[in-house]
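In this note's numbering, the protein residues as written are 20 to 264.
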Amino acid sequence: MRNRKGFFYSWSGKSIKIKVLYSRAGIAQHIWMENEKGWILVDAGDGIIRDLLSNKVNFEELKGVIFTHGHFDHMGGLHSLLGYLRMVGRIKSLLIFAPKGCTEVFSIAENFRKCYPGTIPFKIMCNDVHPHRVFQIAGMKIKPYPMIHCGGIEGYGILDRIPALGYRISYKGETVAISGDTGFCHSLRELVKGADLAVLEATYENSKGIEKDSLERVHLSEDLAKRIGKLAKDFILVHKGKSKN
Ligand SMILES: [Zn+2]
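Structure representation (structure tokens):
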């Protein structure tokens with residue numbers, strides 16, 4: 020079952036629930052996923068605390084945060100999240116997973132520890148994620164797939180490729196695939212194939228007028244994302260909102 024309201028979506032399977040708390044290209048994206056054991060976040064952009072509070076989540080049940088890549092719209096809320104958890108006196112360790120080499124995420128966690136020595140009541144446990152190396156949080160089996168994703172700066176064009184992963188998350192026979200940001204690549208098809216739900220980025224409204232290089236190395240368009248989405252049983256398009264790079 021799924022619902023859509025503006026830029027926000029939710030989907031409930033038999034054992035997994037998922038809510039796109041916010042998603043807009045170049046602003047923020049965070050996805051909440053829950054099973055009977057607790058909940059996790061996939062990415063934590065700006066506004067994460069506001070969006071979690073307005074969804075009345077129980078922060079005690081937060082098991083961990085998985086990052087797809089280090090662009091600001093996907094991880095800009097990490098400092099706020101850590102600060103909030105410190106303020107409310109969280110005790111349980113917090114797991115953080117990010118692609119190996121994702122300096123943006125790991126440096127924020129490290130800096131946070133440096134800023135508040137001795138006054139963070141919970142452990143921040145950072146983990147490098149490697150393509151195809153499966154890990155688990157809250158009993159969910161998470162398989163990372165390498166995505167092809169480069170940033171872009173107005174006037175500078177397409178930058179170098181950064182570490183970026185899509186995640187295939189399974190629990191009790193149900194599977195959700197989350198692309199993060201990606202160009203149109205073979206590994207994306209593998210990530211999505213046969214999933215019960217695919218959450219796909221669709222940054223560009225249309226492939227028309229967008230350079231091939233951008234579609235292969237930066238972002239998907241809605242038409243490409245729909246083509247990929249058909250490989251899954253159901254799909255939703257997120258991260259919309261750009262007409263060019
Ligand atoms: Zn990105």
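From the three backbone atoms N, C-alpha and C, an ideal C-beta is built for every residue, glycine too.
Annotated as proximal: methionine 144 and serine 112, with beta-carbon spacing under 8 Å. In the DSSP assignment, asparagine 77 falls outside any alpha helix (DSSP H) and carries neither an H nor an E. For the 8 Å CB-CB criterion, serine 240 and asparagine 225 form a contact. A straight line joining the alpha-carbon of methionine 159 with that of isoleucine 197 spans about 14 Å.
Remark: the shortest separation between the CB of aspartate 200 and any heavy atom of ligand 1 falls under 7 Å. Using a C-beta cut-off of 8 Å, the segment 249-259 makes contact with the segment 208-227, since at least three inter-stretch Cβ pairs fall below that distance.
Here the segment 161-180 makes no contact with the segment 123-134; the two share fewer than three CB pairs at distances below 8 Å.
A Cβ-Cβ distance of about 16 Å is found for the pair glycine 64 and phenylalanine 116, leaving them out of contact under the 8 Å criterion. The C-alpha of histidine 149 lies about 24 Å from the C-alpha of asparagine 54. Checking the DSSP bridge columns, you'll see proline 163 partnered with Tyr186.
Taken through DSSP and simplified to helix, strand or coil, lysine 212 comes out as coil. Per the DSSP secondary-structure output, glutamate 53 pairs in a beta bridge with Lys36, Trp58. Counting every other CB atom within 10 Å of its CB across the protein chains shown gives proline 140 a total below 16, marking it as exposed.
For phenylalanine 203, the three-state secondary structure derived from DSSP is coil. For glycine 170, the CB falls within less than 7 Å of some heavy atom of ligand 1. Within the same chain, and ignoring the five residues on either side of aspartate 242 in sequence, the residues whose Cβ sits closer than 8 Å to its Cβ are Asn225, Ser226. In this structure, histidine 205 has its beta carbon at no less than 7 Å from each heavy atom of ligand 1. Placement of the Cβ of histidine 88 at a distance of less than 7 Å from at least one heavy atom of ligand 1 is found. In terms of side-chain proximity, the C-beta atom of histidine 151 is found no nearer than 7 Å to any non-hydrogen atom of ligand 1. Judged by their CB atoms, alanine 157 and glycine 57 are nearer to each other than the 8 Å cut-off.
For the pair aspartate 92 and isoleucine 37, the CB atoms are not nearer than the 8 Å cut-off. With respect to the 8 Å criterion, histidine 88 and isoleucine 181 are classified as neighbours on the basis of their beta carbons.
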